[in-house]
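Down below is the structure, laid out as structure tokens.
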Amino acid sequence: MAVSHKALFVDENAQFSVVERNGPYPLDDGEVLIETIFSGVNPADIKHTTHLGIKNTVLGYDICGRIIKTKDHSKFKVGDIVAGYTPSGVGRDRKYGSHQDYTVAPESMLFNVPDNLPQKDAACLTVVTMTAADAIFNIFDLPLPSRKSEKTTETQTGPLLIWGASSSVGFCALQFAAASGHYPVLVTASPGRHDSLIKLGATHCFDYSSPTVYQDIGEAIESLGPIQYAIDAVGAEPNPLASEEFQRSLSKNAKLLSVIVRNDKKFGMPVATPHQDFVIQPPGVPHVITVPGRPESLEKAWTALLWAAENYGRSFRLPPVEVFNGSAEEALEELHKVANGSRGFGKLAIPHPIK
Ligand SMILES: NC(=O)c1ccc[n+]([C@@H]2O[C@H](COP(=O)([O-])OP(=O)(O)OC[C@H]3O[C@@H](n4cnc5c(N)ncnc54)[C@H](OP(=O)(O)O)[C@@H]3O)[C@@H](O)[C@H]2O)c1
């Protein structure tokens, strides 16, 4: 098996480059070796180094590929087309980076790709879908799509607001809220996206860059009642949901979330791997910090991910997924653009082998 391959890499000095890797990577129990077909790009590919101190590793989490080796008693077999993501944290093994032609993943973080889910979309699905699912089904505790007919509690009513519903996390959160049967769902996005967000289940749309956005939301909730759930799905600065004007639209016991760490105890943070401890060392912090996992959170989020995969193209979709065409060095430039927000709407899948 040819195992020398290109990889998008970050060294221990946080310098990003394209390197040549040699394999094959050894497998631990419960792991599989994947020949990468597409790797999906996320802001975290770069931001986990620059913001959280995860270095000396191959970049990338999201993947779709073909299994080429398993351990004994695997639930997968050689030849299976799978998608999913790989572990993160300080000390992350290089074998887990998805932006390389051969990648190792724990089989518990993978699923078989159904026929209705295109491989390029499968490669971009897991990180953002799991993050949205953690917000909507674990922390907001809305009913899963399959259980939406069950009686809801009083706290499961009241307006839900998604700030930045055309971010990939926001797009998924909107569809999960709609599939859960929640009403009303208020969103902010650029005006050009409002029609498509209404088709996905938004009931009220606001332009986040309008100087009257908080006033407009305030007027809408006069008839709807105060906002019960709000998620900042972008991580914009300053925190749009911490503004004084926005506080007037909130219910007293509103649940507030942001997809990035906020220095404000009112805000919880949904994560893509809610069940796993997350070891980080932000720049300037002299020691590692362990963010404890919530093992009980896996079941609902994973159920929602599988529902999204099974219903993909019908009741659930990602923003448009573009297939990257260019060299490994150019792919690295695109990762930086995704991380600094200059690439805008949509997902990017890198085909393998990387050129
Ligand atoms: N906690 C976790 O585990 C986790 C997991 C995944 C992502 N994240 C974080 O979540 C954030 C979003 O990631 P993503 O991949 O979903 O992003 P993305 O798809 O790259 O988001 C792009 C979209 O953001 C929207 N946007 C930009 N600035 C905005 C603003 N000020 N207000 C409202 N919308 C704005 C734009 O919407 P328009 O087109 O409407 O202008 C744009 O289309 C990032 O900060 C990422 O690091 C965290």
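Using the UniProt record's numbering, the first residue of the sequence shown is number 1, and each one after it goes up by one. For every residue, glycine included, the Cβ atom is placed at its ideal position computed from N, Cα and C. Fair warning: this is a prediction, and the values are worked out from it, not measured in the lab.
**Message:** Could you check whether I231 and A173 sit closer than 8 Å to each other, using their CB atoms as the reference points?
**Reply:** If you check the CB distance, A173 and I231 come in under 8 Å.
**Rounded separation between P143 and H182 - CA only** = Taking the straight line from one Cα to the other gives about 9 Å.
**Asked** How about R262: is its Cβ closer than 7 Å to a heavy atom in ligand 1?
**Response** No, the beta carbon of R262 sits no closer than 7 Å to any heavy atom of ligand 1.
**Request:** Please classify G192: does DSSP put it in a helix, a strand, or coil?
**Result:** Reduced to three states, the DSSP call for G192 is helix.
**Prompt:** Taking the alpha carbon of S180 as the point to measure from, which residue in L197, L160, I37 has its own alpha carbon closest?
**Reply:** From the listed residues L197, L160, I37, the smallest Cα separation to S180 is found for L160.
**Asked** Could you give the residue range of the beta strand (DSSP E) that holds S180?
**Response** Looking at the DSSP string, S180 is not in any beta strand (DSSP E), and its letter there is neither H nor E.
**Asked** Does the Cβ of W163 lie closer than 7 Å to at least one heavy atom of ligand 1?
**Response** Yes; taking the cut-off as 7 Å, the Cβ of W163 has a heavy atom of ligand 1 nearer than that.
**Item:** Residue nearest to G40 in terms of C-alpha spacing, selected from S251, V291, V261, T103
**Value:** Comparing alpha-carbon positions, the option among S251, V291, V261, T103 lying closest to G40 turns out to be T103.
**Option in Q281, T49, E107 with minimal Cα separation from I67** = The shortest Cα separation from I67 among Q281, T49, E107 belongs to E107.
**Where the beta strand (DSSP E) containing Q15 begins and where it ends** = Q15 -> no beta strand (DSSP E), and no H or E assigned at all.
**Item:** N- and C-terminal bounds of the alpha helix (DSSP H) containing L305
**Value:** Per DSSP, L305 belongs to the alpha helix (DSSP H) from 298-310.
**Asked** Between the C-alpha atoms of I198 and P43, what's the straight-line distance to the nearest angstrom?
**Response** Rounded to the nearest angstrom, the two C-alpha atoms are 26 Å apart.
**Message:** Suppose contacts are defined by Cβ-Cβ distances below 8 Å. Is K347 in contact with S98 by that definition?
**Reply:** Not closer than 8 Å, so no.
**Item:** Spatial distance of A309 from P24 (CA atoms)
**Value:** Roughly 30 Å separates the two Cα atoms.
**Request:** Look at the alpha carbon of L8 and the alpha carbon of V279, and state the distance between them as a whole number of angstroms.
**Result:** Cα-Cα distance, rounded: 22 Å.
**Asked** Does at least one heavy atom of ligand 1 sit under 7 Å from the Cβ of M109?
**Response** Answer for M109: no, Cβ out of range of ligand 1.
**Asked** Which parts of the segment 104-144 are runs of the beta strand (DSSP E), unbroken and 3 residues or longer, counting only runs that do not cross its ends?
**Response** Every beta strand (DSSP E) stretch that sits fully inside the segment 104-144 and reaches 3 residues is listed by chain position as 110-112.
**Prompt:** Taking K75 as the reference, which of A242, E35, N112 has the closest Cα?
**Reply:** From the listed residues A242, E35, N112, the smallest Cα separation to K75 is found for N112.
**Integer Cβ distance of I139 from P270, believed to fall under 8 Å** = Contact flag correct, Cβ pair sits at about 6 Å.
**Straight-line Cα distance separating V78 from L59** = For L59 and V78, the gap between their C-alpha atoms comes out near 25 Å.
**Request:** Report yes or no: do the segment 124-141 and the segment 297-312 share at least 3 C-beta pairs separated by less than 8 Å?
**Result:** Enough Cβ pairs lie closer than 8 Å, so yes.
**Request:** Check whether the Cβ of A272 sits closer than 7 Å to any heavy atom of ligand 1, and report yes or no.
**Result:** Look at A272: its beta carbon is less than 7 Å from one of the heavy atoms in ligand 1.
**Prompt:** For R94, is the beta carbon positioned less than 7 Å from some heavy atom of ligand 1?
**Reply:** R94: no, Cβ never under 7 Å from ligand 1.
**Request:** Identify, in the order they occur along the chain, each residue of the same chain with its Cβ nearer than 7 Å to the Cβ of L27, setting aside the five sequence neighbours on each side.
**Result:** Contacts found: L33, K69, K71, V104.
**Request:** Can you grab the Cα-Cα spacing for the pair A328 / N311, in whole Å?
**Result:** Each residue's alpha carbon lies about 33 Å from the other.
**Request:** Indicate the three-state DSSP secondary structure (helix, strand or coil) for G170 in the structure shown.
**Result:** The three-state reading of DSSP puts G170 in helix, counting H, G and I together.
**Request:** Report the rounded CA-to-CA distance for G65 versus K266, giving the unit in angstroms.
**Result:** Taking C-alpha positions only, G65 is separated from K266 by approximately 40 Å.
**Request:** Spatial neighbours of H287 within its chain, please: CB distance less than 8 Å, with the 5 preceding and 5 following residues excluded, ordered by chain position.
**Result:** Here H287 has Q281 as same chain residues with Cβ atoms under 8 Å from its own Cβ, once five neighbours each way along the sequence are excluded.
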